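Residue numbers (our numbering): 2 to 180.
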């Protein structure tokens with residue numbers, strides 16, 4: 002069970018995420034369409050029928066409408082997104098991660114995937130440029146909330162997740178680039 006301090010902090014962070022990302026424009030591509038791309042994009046052609054069906058299954062008119070069950074079903078697809086799509090779906094994934102921060106890595110890898118998506122690495126210049134591009138649509142308030150999210154993961158999440166959040170903060174977000 003969570004202590005009331007942790008639960009309160011989690012609830013406060015979720016509120017901050019919701020405020021910072023309210024009004025972000027809904028992209029044309031749904032999570033289920035991203036899932037199709039993830040599963041089949043390189044191995045076979047996705048038919049128009051499959052693509053349209055995945056779009057019809059969409060349940061969100063805003064990111065706040067995305068249920069946990071859809072995030073669990075689709076897994077973390079942030080790596081496939083361009084800046085505007087990333088800005089829209091990121092808060093749903095962060096909210097999910099905060100709600101489930103006490104789950105061990107073997108139960109959910111969403112937390113680690115979200116942290117990874119916020120961790121541009123200079124080891125691969127092409128990958129770094131792509132990830133920084135994904136972050137380019139974020140405003141200063143959203144960037145501030147991301148730092149709060151990473152601090153939360155660094156102190157409250159499963160002990161296996163914490164070092165990656167600390168690394169993201171140290172290597173990218175604490176140098177004024179992310180804020």
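Just so it is clear, CB atoms sit at the ideal spot from N, CA and C, and this is done for glycine as well. This structure is a prediction, so every number in the text was calculated from the model and none was measured.
Within the region 10–84, the complete alpha helix (DSSP H) runs of at least 4 residues fall at 32–41, 49–57, 69–75.
Shown here, residue 158 sits in coil according to DSSP, grouped into three states, outside any helix or strand.
Residue environment for residue 58: exposed (fewer than 16 other C-beta atoms within 10 angstroms of its C-beta).
Closest by C-alpha distance to residue 12, out of 126, 153, 37, 116, is 153.
Contact between residue 116 and residue 169 holds, with the beta-carbon distance rounding to 6 Å and staying under 8 Å. Under the three-state reduction of DSSP, residue 121 is assigned to coil, being neither helix nor strand. By the Cβ-count criterion, residue 161 is exposed, with fewer than 16 other Cβ atoms from all chains shown falling within 10 Å of its own Cβ. Under the DSSP assignment, residue 135 falls in the alpha helix (DSSP H) whose first and last residues are 126–135.
The shortest C-alpha to C-alpha distance from residue 143 to any of 21, 77, 104, 40 is the one to 21. Between the region 124–139 and the region 48–63 there are fewer than three inter-stretch CB-CB distances shorter than 8 Å, so the stretches are not counted as touching. Within the same chain, and ignoring the five residues on either side of residue 79 in sequence, the residues whose Cβ sits closer than 8 Å to its Cβ are 87, 90, 91, 94, 114, 115, 118, 135. In this model, residue 141 and residue 35 are separated by some 27 Å (Cα to Cα). Measuring C-alpha to C-alpha distances from residue 107 to each of 174, 158, 138 identifies 158 as the nearest.
Counting along the chain, the unbroken alpha helix (DSSP H) around residue 164 starts and ends at 163–172.
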